[in-house]
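**Student:** Numbering (our numbering), first residue to last: 1077 to 1736. Glycine included, C-beta positions come from ideal geometry on N, C-alpha and C. Below are the C-alpha cells for one structure; questions will follow.
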C-alpha cells in the first residue's frame, strides 16, 4: 500500500485527464476547483463526487460568476475581447480559436456550451442556487440559455439543487456548531473535570455506600411490586358486580384498544398473579442468596479500598486510549493508501446511448486515431476511476481484509495489555499480607513491565483468537449487506443464525479472555492454561459469579447515570443562563444543546473509563478470593489473605495470624 498508494487521489479532485486539481508543482497548482462542462448531465451531487459525470471536467482557479453561452461569446469576440478572455478560462487548456465553428467546438467539447453562476463546494463548481419568494433561482434568474438554441428553466437543475441545498444547510448548521464549540470549549472542559471528580468520589465512597445503595434499590423494587399487587387487587375488587367485567379475554377476542382489557376482572387477576410470582421469586432469591450478596457487596467495598491505595490505576485508561488511537490511525492511513493504489483508468464517455464503445476502456493518447469518434460523434476518452489489472490490484479487497484483521488484533492486544496490567496491580494488593504495608512501591508500573516482558505472547494469542471471531463477524455483516435484496429466505435465515452464534461466541471469548488475563497476571502461566484454570474456577463458583456480576453491573450503571445526569443537569442550567451567580459568565450560543450533549456524553465516557478500572478491580479480587478459599484454610501454614469483612461474612476464623 505504501509503495502503490497515493492519498492525493482522495485530497484533490481529478479532471478528465487524471490530473489533480490544486496539486503543488503542477500546471494545476493554482486551479483548485473542478468545473463541469455540462452539469445538466450529472444527476446529483452524489454522482458528481463519487462517480464520473459523462461530461468534460477541468480544473479551474475560480467558478463562473455570470451567465454566458459560447455562441454569444464567439459572435462578439471581435469587439468584446474581454468576454472571450473570461470565457476561455473554462475551455480546454491551450484552446484559443474563436473562429472554429460552434458545431465543431461542441462536438469536440473544446469549450462548454454555457456557463452559469456557480460557487465552489467540496472543491467543485455547483450552480449558485437561491430562493426568491419561494421560487428557485440562479443569480435571480429563473431561466437560462443552454448554448444549444434552447431556453431552459432553472427547475431543470432541481434534482441537483435539492441535494446541494440540503448539504449547504447542513454546512451552515455545522459552522454554527463549530462557533458554539469555539465559544464554550473552556466550560465543556470544566464540566468534564467535574465529571472526573464526581466519578472519583463515587468510587472512593463505594466502600461506605455500596451496601446501602444496593439494599435501598432492592427494597424499593419489592415495595413497588407490592404496591402493584395491592393496586391490581383493588381494581379486581372494584370491578366486582359491574356488567361485562366477568367476561374472559377469550370471550372478547383480540382488540386493538388495550383499554378494553382493563375493564375485565380477569385481566387484573392475571396481573396480580404475575406480580405475586415475581415478588416471591425476588424474596426467595434474597433469602437463599443473602450470603453471596453480602460477599459481592464486601468485594465491591474492597475494590474501592484497593483503588484508594493504588490511585494511579484510574488514569491507566488514558494509555489504552492512546494505544487504540495509534491503531486506528495506522489502520485508516493504510486503508487510504490501499484504496488509492490503483492506476488511472480511462473509459469512453459517449452522448449516444447506443454507442457500442460506451464504458469501454481506452487510451487518451491514441484515442483520436481510432474510429470511435466517427462511429460515436462526441465520444471522449475521459478519466473514470483508479484501478488496475495486475495481481496486486485484483487482490486489494483481500488486502483490505488483512488490514482490518491486523487492526482488530492490535486493538484487542491493547485492551488485553490494559486488563493484564490492572489485574497484576490489584492482585498485588490482595495477596499482600499486611495492607497497605506489603503492597509494592509502584504496583501499576511493575505490573505493566511484567506484562510487556513476560506475557506479550499470551496476550497476543488471546487477542488473535478474539480478532479471528470479530473478522468473521465483519465478513458476515458484509455478506448480509450484499444479500439484503435477495429473496432467498433460507440464506437470510442462515446468515441470521451465524451472526447470532458468532455474537454469542465473541461475548463468551471476551469473558474467558478477561479472566485468563487475570490468572496470567497472578501466576504467569501461558494463555491456554490460564484460560482453563480461570474457567473451571469460575464454574466452581458459578452462583457467586452471577450474583457479583449483576450487583456490580447495577452499581456501576447507577454511578454512570448519576455522574452523567448530575453534570448534565448542572450544564443545562448553566448554558441556559438559569444560574443567577453565573448568568453573566455563560456564553451566548446558537444551539445550547451542542455543549450540553458534549458534556453529557463526555461525562458518561469519563465515568465509563473510571468504572471500567473498578470493574477490573472487582473481577481480579473475586478470582483472588476464590483462589484464596481453595488454596488456604486459615491455618498457620496456609493463612487467608482476604479482608476481615469477608472473614466475618464467611464465618471463617484463622487459626493463627498471617505470616509477616
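Which one of 1518, 1523, 1546 and 1451 has the shortest CA to CA distance from residue 1487?
**Tutor:** Taking only the C-alpha atoms, the option nearest residue 1487 is 1546.
**Student:** Is residue 1297 helix, strand or coil by DSSP?
**Tutor:** Here residue 1297 sits in helix by DSSP.
**Student:** Short of 7 Å in beta carbon distance, which residues of its chain neighbour residue 1252, apart from the five on each side in sequence? Order them along the chain.
**Tutor:** Taken in chain order, the residues that qualify are 1666 and 1667.
**Student:** Which runs of the alpha helix (DSSP H) spanning at least 4 residues fall entirely within the region 1312-1382, listed in chain order?
**Tutor:** The region 1312-1382 contains these whole alpha helix (DSSP H) runs: 1325-1328 and 1341-1364.
**Student:** Residue 1217 by DSSP, collapsed to three states: which one?
**Tutor:** It is a strand residue.
**Student:** Pick from 1291, 1280, 1424 and 1286: whose alpha carbon is nearest that of residue 1390?
**Tutor:** Minimum Cα distance to residue 1390 is reached at 1280.
**Student:** With distances taken from CA atoms, which of 1345, 1624, 1193 and 1399 is nearest residue 1490?
**Tutor:** That would be 1399, whose Cα lies nearest to the Cα of residue 1490.
**Student:** Could you pull out every residue in the same chain whose Cβ sits closer than 6 Å to the Cβ of residue 1566, ignoring the five residues on either side in sequence?
**Tutor:** Same-chain partners within the cutoff: there are none.
**Student:** Considering only their Cβ atoms, is the gap separating residue 1437 from residue 1423 smaller than 8 Å?
**Tutor:** Yes. Within cutoff.
**Student:** What do you get for residue 1237, buried or exposed, if any count of 16 or more other CB atoms within 10 angstroms of its CB means buried?
**Tutor:** Interpretation of residue 1237 is limited by its pLDDT of 48, a score under 50 that renders its predicted location unreliable; no figure is taken from the coordinates.
**Student:** If you drop the 5 nearest sequence neighbours on each side, which residues of the same chain put their C-beta closer than 7 Å to that of residue 1312?
**Tutor:** The answer, listed in chain order, is 1341, 1344, 1345 and 1348.
**Student:** Indicate the three-state DSSP secondary structure (helix, strand or coil) for residue 1482 in the structure shown.
**Tutor:** DSSP places residue 1482 in helix when its eight states are reduced to three.
**Student:** Please state whether DSSP places residue 1144 in a helix, a strand or coil.
**Tutor:** Strand at residue 1144.
**Student:** For residue 1679, tell me which candidate among 1144, 1266 and 1602 has the shortest Cα-Cα distance.
**Tutor:** With distances taken between Cα atoms, residue 1679 lies closest to 1266.
**Student:** Hey, could you find the ends of the beta strand (DSSP E) residue 1423 is sitting in?
**Tutor:** 1419-1425 is the extent of the beta strand (DSSP E) around residue 1423.
**Student:** Identify whether residue 1520 lies in helix, strand or coil by the three-state DSSP scheme.
**Tutor:** It is helical.
**Student:** Whether or not the region 1684-1698 and the region 1374-1388 are in contact is what I'm after, with contact meaning three or more pairs of Cβ atoms, one per stretch, closer than 8 Å; do they touch?
**Tutor:** With a cut-off of 8 Å, the region 1684-1698 and the region 1374-1388 count as touching, because enough Cβ pairs lie within range.
**Student:** Give the DSSP-derived three-state secondary structure of residue 1283 in the structure shown.
**Tutor:** Residue 1283: helix per DSSP, three-state reduction.
**Student:** Can residue 1095 and residue 1110 be called in contact, C-beta distance under 8 Å?
**Tutor:** Taking 8 Å as the Cβ cut-off, residue 1095 and residue 1110 do not qualify as a contacting pair.
**Student:** Which residues mark the beginning and the end of the alpha helix (DSSP H) in which residue 1621 is found?
**Tutor:** Per DSSP, residue 1621 belongs to the alpha helix (DSSP H) from 1618-1651.
**Student:** Can you give me the C-alpha to C-alpha distance between residue 1337 and residue 1296, rounded to a whole angstrom?
**Tutor:** Computed Cα separation, rounded: 28 Å.
**Student:** Note down, in chain order, each residue of its chain lying with its Cβ closer than 7 Å to the Cβ of residue 1741, except the 5 sequence neighbours on either side.
**Tutor:** No information on residue 1741 is available, as it lies outside the stretch 1077 to 1736 that the chain covers here.
**Student:** Measuring CB to CB, does residue 1627 end up less than 8 Å from residue 1372?
**Tutor:** Yes. Within cutoff.
**Student:** Which of the three DSSP states is assigned to residue 1667 in this structure?
**Tutor:** In this structure, residue 1667 counts as coil in the three-state DSSP scheme.
**Student:** Which value, in whole angstroms, describes the spacing of the CA atoms of residue 1636 and residue 1324?
**Tutor:** Rounded to whole angstroms, residue 1636 to residue 1324 spans 45 Å at the Cα level.
**Student:** Can you look up residue 1093 in the DSSP assignment and give me helix, strand or coil?
**Tutor:** In this structure, residue 1093 counts as coil in the three-state DSSP scheme.
**Student:** Evaluate residue 1579 with the Cβ neighbour count: other Cβ atoms within 10 Å of its Cβ, from every protein chain shown; 16 or more gives buried, anything less gives exposed.
**Tutor:** Exposed, by the Cβ-count rule.
**Student:** So, under 8 Å CB-CB, residue 1533 and residue 1589 are touching, yes? Tell me the CB distance rounded to an integer number of Å.
**Tutor:** Not confirmed; about 14 Å, so no contact.
**Student:** Identify whether residue 1081 lies in helix, strand or coil by the three-state DSSP scheme.
**Tutor:** Three-state result, residue 1081: coil.
**Student:** Determine the closest residue to residue 1585 out of 1084, 1492 and 1443, with distance taken between C-alpha atoms.
**Tutor:** Among 1084, 1492 and 1443, the Cα nearest to that of residue 1585 is on 1492.
**Student:** Alpha carbons only, please: which of 1300, 1605, 1640 and 1442 is nearest the one belonging to residue 1358?
**Tutor:** Nearest option by C-alpha distance: 1300.
**Student:** Name, in chain order, the residues that DSSP records as bridge partners for residue 1137.
**Tutor:** Beta-bridge pairing links residue 1137 to no other residue.
**Student:** Using DSSP's beta-bridge definition, name the partner residues of residue 1456.
**Tutor:** Per DSSP, 1425.
**Student:** Please list, in chain order, all residues of the same chain as residue 1458 whose beta carbon is under 6 Å from its beta carbon, the five residues on each side excluded.
**Tutor:** Answer for residue 1458: 1092 and 1425, listed in chain order.
**Student:** Would the beta-carbon of residue 1191 fall within 8 Å of that of residue 1144?
**Tutor:** Yes. Within cutoff.
**Student:** Does the region 1467-1486 come within contact of the region 1401-1414, defined as at least 3 CB pairs closer than 8 Å?
**Tutor:** Yes: the two stretches touch, three or more of their Cβ pairs being nearer than 8 Å.
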